[in-house]
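Okay, structure first, notes after.
2 protein chains.
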Amino acid sequence: MVFAGQGDARRSMALLWRAGSPAQGRPGPKPGLSVDEILDAAVAIADAQGMAALSMRAVGERLGRTAMALYTYVPSKSELVDLMYDRVLAELPVSYELGAGWRVAVTSWAGEMWAFYLRHPWVLQVSQARPVLGPNEYVTLETVLRILRETGLTAGALRRLVGVLFHFVRAAAQTVAESRQAPAATGMSDEEWWYARSAVLEEVAPDFAERFPTLTWLDGEGAYQSEDESVPYLEQEAKETFAAGLAVLLDGIEAAVNRAGLRALP
Amino acid sequence: MVFAGQGDARRSMALLWRAGSPAQGRPGPKPGLSVDEILDAAVAIADAQGMAALSMRAVGERLGRTAMALYTYVPSKSELVDLMYDRVLAELPVSYELGAGWRVAVTSWAGEMWAFYLRHPWVLQVSQARPVLGPNEYVTLETVLRILRETGLTAGALRRLVGVLFHFVRAAAQTVAESRQAPAATGMSDEEWWYARSAVLEEVAPDFAERFPTLTWLDGEGAYQSEDESVPYLEQEAKETFAAGLAVLLDGIEAAVNRAGLRALP
DNA sequence: AAAGTTAGTTTATGCCGTAAGGAGTGGCAA
DNA sequence: TTGCCACTCCTTACGGCATAAACTAACTTT
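Just so you know, the protein sequences line up as chains A and B, in that order.
1 is the number of the first residue of the first sequence in my numbering; add one for each residue after it.
1 is the number of the first residue of the second sequence in my numbering; add one for each residue after it.
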């Protein structure tokens, strides 16, 4: 097994924080590419065709180079993805109006995050195991923390809250992101897919109603009606789930704030 | 592009619901394997080494066969994964005591789901774009719906709530699951990794405290202290985030229930 | 002009999913 | 009993992937 050592950490961090030595007066041919150019190409591919289509070959080709040419600028594919991640995070707003209270600010923050994830759905596949520790990741954290600090909750509570909020927005966005990819991936629209499936389901599980009474009841209670026909059914519903879930979450936070406030009274 | 037609849907569903024609009196050699044996082998590999290690070759080898032998039983790798998913879902409890109220029941349901995801972290990587429509997926839904129906909320609200709860548990579990994989994947413990990184961070961002005042403040406010030294720091914290977040979510649901109840009064 | 460093290529290794085709198995109809 | 044929399982092969190694060509410094 290959162990990543101190040197690798230094290289990674230098790339992320753009702290590399300037390329002036160095021997050898002039660089024909730059890390930023590579990142733009890679992000464009991932945005348009998803993470699965992001290969070193594809990025190289888009830049008129071979896959191997990229290794001059970036140590590996996984580092490339980390860099892409930190780069797109720069799109996010860095501060929110706090005049109307933290709840309003958190709501619009969540909306921005939601839109961001849908703009770059591949970000949802970047491992959250360990932070990337890039500058924009820190900015993103700082931004939401600045809002949440307004609640007056303790540091420990804030730490947990940040985790919960990110989890929630990510997970909600993931549902929509994946459902957008599905038709392209399977070459089948949601309608076609569902039609084929549900027909077979009746054959294969004729006792469905008895086996799943609650589900059957729910299905009977007026299915969701979309107002906007241009947006797919599933997506519309997911958006409402997001809004409703966020409201529930914020209600919970408000309850915690009130509890803390009451306890502070004489 | 290859389009999946009606025939594929029928084959998939038959496999999921075990509605295949019995193998008695059929010509040709007796099957040396079975779908269940294959699923057990595949699940064992995915549990132990993660989704990335799950290849048709690996599963075949574990069963003393070649990769291609599996295609007699299972049409493709993605169908295999769907089958694995529905199979492990069978481990989950199918009903919860409702005597102590829905809140208690939801809490233990969430705990079971959390443990389930950590037992089978690869499940978190199964696409949620479209439901698999296997029997156990329906059972799982039925189970949680039966609990939530106790709240007395409307069908629409319930639909959203189920989504939110699944999102939340999945996302929270994902953090821990990924952080468990990280040391194995990089050959570096969390401590080593963090030590190497933070040393470089000071070099590369000497103005950290000014750029990220809120983060710096949070860091100063007593870092989390683990009681149980055997469990990694990050994991302990994630578990608390899960519990705290769930409580917040349930508070929010309770608020919605109370609002609905008040509105129903004369 | 020689030496040394760098950018980018070609080539090769070992993975992956799976298509194609062939070998052997065994139940059934003739 | 023979021949057929559906069936299981194998070998081989293809085109993808990340990336290691060795090479060429460009450019700066000595």
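Even glycine gets a Cβ: it sits at the ideal position worked out from N, Cα and C.
Every value quoted in this text rests on a predicted model; they were computed, and no experiment measured them.
query, result
"Residues near PHE242/B in its chain [Cβ-Cβ closer than 6 Å; skip 5 each side]", "ALA172"
"Among ALA42/B, ASP47/B, ALA48/B, the one whose alpha carbon lies nearest that of ARG57/B", "ALA42/B"
"Chain-ordered neighbours of TYR138/B on chain A, where CB pairs are closer than 9 Å", "ALA205, PHE208, ARG211, PHE212, LEU215"
"Opening and closing residue of the alpha helix (DSSP H) in which ARG113/B lies", "Here the sequence assigns Met to residue 113/B, which means Arg is not the residue at that position. It spans 102 to 119 - the alpha helix (DSSP H) in which MET113/B sits, taken as one unbroken run."
"Beta-carbon neighbours of MET51/B, restricted to chain A and to distances below 9 Å", "Those within 9 Å of MET51/B in chain A number zero; the least Cβ separation is about 12 Å."
"Element boundaries [alpha helix (DSSP H), containing THR214/B]", "213 to 220"
"Cutoff 9 Å: MET84/A Cβ touching any chain B Cβ", "no"
"Endpoints, alpha helix (DSSP H) assigned at VAL189/B", "First, the residue type needs correcting, since residue 189/B is Ser and not Val in the sequence shown. No alpha helix (DSSP H) holds SER189/B; DSSP gives it neither H nor E."
"CB contact check: SER21/A to chain B, cutoff 9 Å", "no"
"Cross-chain neighbours of LEU98/A in chain B, by beta carbon under 9 Å", "Correct list: empty, because the minimum Cβ distance to chain B is about 13 Å."
"Start-to-end residues for the alpha helix (DSSP H) that takes in THR143/B", "135 to 148"
"Interfacial residues, the region 175 to 186 of chain A to chain B, with Cβ spacing under 7 Å", "THR175, GLU178, SER179, GLN181, ALA182, THR186"
"Chain A contact for PHE168/B (CB, 9 Å cutoff)", "yes"
"Chain B within 9 Å of LEU201/A, Cβ atoms only", "yes"
"Cutoff 9 Å: GLN6/A Cβ touching any chain B Cβ", "Unreliable positioning characterises GLN6/A in this predicted model, as indicated by a pLDDT of 46, which lies under 50. The coordinate reading is nonetheless provided below. Yes, its Cβ sits closer than 9 Å to a Cβ of chain B."
"Candidates VAL132/B, GLU235/B, PHE168/B: closest to ALA177/B by CA position", "GLU235/B"
"Rounded separation between LEU133/B and LEU39/A - CA only", "39 Å"
"Proximity of VAL169/B and LEU246/B at Cβ, strictly below 9 Å", "yes"
"Chain B contact for ASP251/A (CB, 9 Å cutoff)", "yes"
"Sufficient close CB pairs (3 or more, under 8 Å) joining the region 180 to 196 of chain A to the region 186 to 202 of chain B", "no"
"Given 8 Å, three or more beta-carbon pairs between the region 107 to 116 of chain A and the region 58 to 74 of chain A", "no"
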